[in-house]
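*Asks:* Structure in structure tokens, see below.
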Amino acid sequence: MAEILSQSEIDALINALKAGEIKAEEIKKEAYEKRIKVYDFRKPNKFSKEQLSTLHLIHENFARQLITYFSAQLRTLVQVNASSVDQMPYSEFISSIPNPSIIGIIDFQPLRGAIIFAMDTFLAFSIVERLLGGSGEYKDKPREPTEIESNILQRVYSKLAKLIKEAWQDILELDPVFDKLETNPQFVQLVSPNEAVALITINAKVGQTDGMINFCIPYIVIEPVMPKLSAKIWLSTSKREGGGSFTQMIAKKLERVSAEIRAEIGRAKISVRDFLNLDVGDVIQLDKRVNEEIDIFVHDILKYKGIMGKRNGRLAVRVTKVMSERDEANDG
Numbered sequence: 001m002a003e004i005l006s007q008s009e010i011d012a013l014i015n016a017l018k019a020g021e022i023k024a025e026e027i028k029k030e031a032y033e034k035r036i037k038v039y040d041f042r043k044p045n046k047f048s049k050e051q052l053s054t055l056h057l058i059h060e061n062f063a064r065q066l067i068t069y070f071s072a073q074l075r076t077l078v079q080v081n082a083s084s085v086d087q088m089p090y091s092e093f094i095s096s097i098p099n100p101s102i103i104g105i106i107d108f109q110p111l112r113g114a115i116i117f118a119m120d121t122f123l124a125f126s127i128v129e130r131l132l133g134g135s136g137e138y139k140d141k142p143r144e145p146t147e148i149e150s151n152i153l154q155r156v157y158s159k160l161a162k163l164i165k166e167a168w169q170d171i172l173e174l175d176p177v178f179d180k181l182e183t184n185p186q187f188v189q190l191v192s193p194n195e196a197v198a199l200i201t202i203n204a205k206v207g208q209t210d211g212m213i214n215f216c217i218p219y220i221v222i223e224p225v226m227p228k229l230s231a232k233i234w235l236s237t238s239k240r241e242g243g244g245s246f247t248q249m250i251a252k253k254l255e256r257v258s259a260e261i262r263a264e265i266g267r268a269k270i271s272v273r274d275f276l277n278l279d280v281g282d283v284i285q286l287d288k289r290v291n292e293e294i295d296i297f298v299h300d301i302l303k304y305k306g307i308m309g310k311r312n313g314r315l316a317v318r319v320t321k322v323m324s325e326r327d328e329a330n331d332g
């Protein structure tokens, strides 16, 4: 908005012109210079403010998923938040990464190209130490990870790639795949030095260790989906699908939970003397007949009835009845 002068300022300006203290040419030159904006062609602005804002929203969602993942895996206090989003040339981003750093290259399938996931060494080694049962505090000097530490960090990055997929699902069905781990940023040349990239900075605190996680997304990689990077589109999609996708996510996680199932052929009571005298070839008579239904327990809770048999040369149980709550109470 143009600056509006008060009446007293206008009078003072007219008097200064009449007295010759300032010249009209100087006022025109100053007004012209104010309309000129400096543009650095080495720093092309390919991302609009709305697109950067949408990237910030996406990675705020990713930060919340990181809290859930790290809290469950590390069993300690975890704080994560997406602090800023900016755009810059790729060369400027690479120059800002210290050596050594823990740099993960993630193939952004089905888009052509990869993104960079750079983590502070202090934060990375704190995570490794916590996963190995330590306190989670790393106070040594920055260094390259050992072979064992690299394998652990590769597993962590593979999981983070899956979290990226969930964070981006309202924009595009991605299938990110962890490619490799690097420690020297100068060896990571994904795009040309002048290529514009979006830099998402995430602040993280694991236990008593603070650190930063930087996402570098080259413009050339996400150019095909740039029209979808609209906050209005992202919010409307996430609100429409949010409830269902969350329910599906919980259902998928529950489906992967291991459950112990035990088929009980029958029971018998014998004295301690008979138990001590048991020998090869002795027969223990059970309380069930051969053709009678047996009990099937899930975590010591009677859930099914079944009959014994064979399948492909192995012993098997066929479920014949699903126990209701009333049946469970009667058998209990």
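1 is the number of the first residue of the sequence shown in the working numbering; add one for each residue after it.
Each residue gets a CB set at the ideal place from its N, CA and C atoms; glycine is no exception.
1) Nearest to Lys305 by CA position, among Met323, Ala259, Glu182, Thr209, is which residue?
2) For Thr121, count neighbouring C-beta atoms within 10 Å of its own C-beta (all shown protein chains included) and say buried if the count is 16 or more, exposed if not.
3) Would you call Pro98 buried or exposed, if buried means 16 or more other Cβ atoms sit within 10 Å of its Cβ?
4) Have a look at Ile115 and Val80 and give me their C-alpha separation to the nearest angstrom.
5) Unbroken alpha helix (DSSP H) runs of length 4 or more, entirely within the region 159-232: which are they?
6) Quick check: what's the CA-CA separation for Lys321 versus Asp170?
7) Taking the continuous beta strand (DSSP E) assigned at Ile103, which residues delimit it?
8) So the candidates are Ile105, His299, Glu9, Arg75; which of them puts its Cα closest to the Cα of Phe187?
9) What is the C-beta distance between Thr76 and Arg130, in whole angstroms, given that I count them as a contact (C-beta under 8 Å)?
10) Cutting at 6 Å between CB atoms, please list the residues of its own chain near Gln154, excluding the five before and the five after it.
11) Hey, out of Ser258, Ile284, Ser271, Ser158, whose CA is closest to Val298's CA?
12) Applying the criterion that 16 or more other CB atoms from any shown protein chain within 10 Å of the CB defines a buried residue, is Gly243 buried or exposed?
13) Tell me whether Ala19 sits in a helix, a strand or coil according to DSSP, three-state version.
14) Kindly say whether Ser258, judged by its beta-carbon, lies nearer than 9 Å to any beta-carbon of chain B.
15) For Ala124, I'd like the list of residues in its chain whose CB is within less than 7 Å of its CB, leaving aside the five on either flank, ordered along the chain.
16) In angstroms, rounded to a whole number, what distance separates the CA positions of Val197 and Gln189?
17) Whole-angstrom Cβ separation of Glu166 and Gln65, contact assumed at under 8 Å?
18) Answer yes or no: do Phe215 and Phe117 have a C-beta to C-beta separation smaller than 9 Å?
19) For Ile284, which residues from the same chain have a beta carbon less than 6 Å from its beta carbon, with the 5 sequence-adjacent residues on both sides left out?
20) If you count every other CB in all the chains shown that lies within 10 Å of the CB of Glu255, and 16 or more means buried, which is it?
21) Can you name, in chain order, every residue of its own chain whose Cβ lies under 7 Å from the Cβ of Glu241, other than the five neighbours on each side?
22) Between Met308 and Ile265, which are expected to be in contact by the criterion C-beta below 8 Å, what is the C-beta distance as a whole number of angstroms?
23) For Ser126, does the count of other Cβ atoms within 10 angstroms reach 16, so buried, or fall short, so exposed?
24) Three Cβ pairs or more, each shorter than 8 Å: is that satisfied between the region 134-153 and the region 80-91?
25) Out of Pro185, Thr209, Val280, Ala72, state which residue places its alpha-carbon closest to the alpha-carbon of Ile94.
26) Quick one: Cα of Gly113 to Cα of Ala72, how far?
27) Sorted by chain position, which residues of the same chain lie with C-beta nearer than 6 Å to Val319's C-beta, five sequence neighbours on each side aside?
28) Residue ranges of each alpha helix (DSSP H) run of no fewer than 4 residues wholly in the region 42-99, ordered along the chain?
29) Are the beta-carbon atoms belonging to Pro224 and Leu111 less than 9 Å from one another?
*Replies:* Once the coordinates are examined:
1) Met323
2) buried
3) exposed
4) 20 Å
5) 219-222
6) 42 Å
7) 102-107
8) Ile105
9) 6 Å
10) Leu181
11) Ser258
12) Reliability of the predicted coordinates at Gly243 is poor, the pLDDT of 48 falling under 50, and no value is obtained from them.
13) helix
14) Here there is only one protein chain, and chain B is not present.
15) Ile102, Leu153
16) 13 Å
17) 6 Å
18) yes
19) Ala268
20) exposed
21) For Glu241, the predicted model reports a pLDDT of 49, less than 50, meaning its position is unreliable; a value from the coordinates is still stated below. So the qualifying residues of the chain are Asp170.
22) 7 Å
23) buried
24) no
25) Pro185
26) 31 Å
27) Tyr304, Gly306
28) 49-74, 90-96
29) yes
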